[in-house]
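Worksheet: one structure, shown below.
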Ligand code: TYM
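In the working numbering, the protein residues as written are 5 to 344.
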């Protein structure tokens, strides 16, 4: 079992990242059977696909490393690093661009969302981004990739690339192919956490309104204020799940409560059905604060020691480079590329 996943080090880690992905990273690390390995990385190479400030990216990379450790990623058990220190990611990406098809990339919804009406002005990196993402996981022969729902399409592309490459270039000595097909692991209870301002938009780092998301660095007062101001309707909560249809904001808050309290949404409705948001919101804020306060405290401690964070990333990168080498060498060889 080889678990690989990444996060862009832009903006703060928010509740959607945490419930959709990072919590599963920690669970998979903690339950890893003997002989398995987890690799978690900061996707700094992906971050340059959008306009960015270099100083903010450098700070963001350290801060995101601190946030992941604060959430429970243990650098002694998992390999934690940033892509830029492992050049094999960029190298494999180029080798895979010969296999990825334009038509496949044209179907990627994230490119359409992020480029919006300005397709011609979007960077080439934004378009080829999913090929780098495929390289990220194929480089390590990942078997499982814990992600939120929004990354599933990119993982399917990674599988398509792996399959086509294996078909086109499997040599006689390598009949099973060069790459393992990775399996996305999406938590059913928190696949898609929505914005607190709009129940039909996902909670996102790039939302201009901070009120739309809960950052893991928010203190108790900020969390309570954001939950109090979260958009809702005027009806009390229903007692049955069917009553949440057409009530995207209410459904999102119930989903978040259930994911944090580790229970089913139906159980939340059994407890709060018939009650208004005046009662439910303070209860939700309390569950959030209980859950996030220890993470927040660890984060504050860790960010104070930049040198220790740099050392963690350097150590992780050295181990990642070593693990990446054999697959990269097989890829060059399969393509008939001579390396001296
Ligand atoms: P990123 O940085 O946008 O998000 C990191 C992880 O958080 C999940 N996520 C969510 N889950 C539920 N609800 C939400 N509102 C929500 N918002 C974000 C994402 O699904 C993701 O798992 N392209 C990736 C980074 C990446 C990667 C990879 C991931 C680069 N290479 C290889 C896996 C494997 C991204 O931008 O995630």
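Think of the CB as a built atom: it goes at the ideal place given N, C-alpha and C, for glycine as much as any other residue.
If we ignore side chains and look at the alpha-carbon of each, how far apart do residue i and residue j end up?
{"i": "residue 259", "j": "residue 193", "result": "7 Å"}
{"i": "residue 329", "j": "residue 95", "result": "11 Å"}
{"i": "residue 173", "j": "residue 332", "result": "14 Å"}
{"i": "residue 343", "j": "residue 181", "result": "20 Å"}
{"i": "residue 299", "j": "residue 223", "result": "11 Å"}
{"i": "residue 225", "j": "residue 273", "result": "26 Å"}
{"i": "residue 183", "j": "residue 205", "result": "35 Å"}
{"i": "residue 85", "j": "residue 320", "result": "5 Å"}
{"i": "residue 313", "j": "residue 249", "result": "45 Å"}
{"i": "residue 275", "j": "residue 284", "result": "10 Å"}
Helix, strand or coil: how does DSSP classify residue i here?
{"i": "residue 248", "result": "helix"}
{"i": "residue 86", "result": "strand"}
{"i": "residue 219", "result": "strand"}
{"i": "residue 18", "result": "strand"}
{"i": "residue 207", "result": "coil"}
{"i": "residue 201", "result": "coil"}
{"i": "residue 193", "result": "helix"}
{"i": "residue 44", "result": "strand"}
Tell me whether the beta-carbon of residue i lies closer than 8 Å to the beta-carbon of residue j.
{"i": "residue 163", "j": "residue 136", "result": "no"}
{"i": "residue 50", "j": "residue 207", "result": "no"}
{"i": "residue 142", "j": "residue 104", "result": "no"}
{"i": "residue 46", "j": "residue 144", "result": "no"}
{"i": "residue 257", "j": "residue 287", "result": "no"}
{"i": "residue 5", "j": "residue 147", "result": "yes"}
{"i": "residue 198", "j": "residue 246", "result": "no"}
{"i": "residue 157", "j": "residue 113", "result": "yes"}
{"i": "residue 111", "j": "residue 152", "result": "no"}
{"i": "residue 254", "j": "residue 237", "result": "yes"}
{"i": "residue 339", "j": "residue 99", "result": "yes"}
Relative to the C-alpha of residue i, which candidate in the options has its C-alpha closest?
{"i": "residue 52", "options": "324, 249 and 13", "result": "13"}
{"i": "residue 277", "options": "243, 305, 320 and 264", "result": "243"}
{"i": "residue 88", "options": "318, 332, 337 and 340", "result": "318"}
{"i": "residue 239", "options": "271, 313, 281 and 190", "result": "281"}
{"i": "residue 48", "options": "224, 155, 284 and 67", "result": "67"}
{"i": "residue 139", "options": "112, 97 and 130", "result": "97"}
{"i": "residue 134", "options": "126, 39, 161 and 86", "result": "161"}
{"i": "residue 215", "options": "327, 29 and 230", "result": "230"}
{"i": "residue 337", "options": "22, 248 and 175", "result": "175"}
{"i": "residue 264", "options": "270, 279, 292 and 210", "result": "292"}
{"i": "residue 93", "options": "341, 334 and 324", "result": "324"}
Below 8 Å on the Cβ atoms is my guess for residue i versus residue j; work out the distance and round it to an integer in Å.
{"i": "residue 307", "j": "residue 60", "result": "In fact, because the Cβ distance is near 15 Å, the residues do not count as touching under 8 Å."}
{"i": "residue 41", "j": "residue 83", "result": "7 Å"}
{"i": "residue 221", "j": "residue 16", "result": "5 Å"}
{"i": "residue 149", "j": "residue 189", "result": "6 Å"}
Shorter than 7 Å, the distance from the beta carbon of residue i to the closest heavy atom of ligand 2, or not?
{"i": "residue 306", "result": "As far as ligands go, the structure on display features ligand 1 and does not contain ligand 2."}
Chain D beta carbons: is any one of them nearer than 8 Å to that of residue i?
{"i": "residue 43", "result": "The chain inventory of the structure shown lacks chain D, comprising one protein chain alone."}
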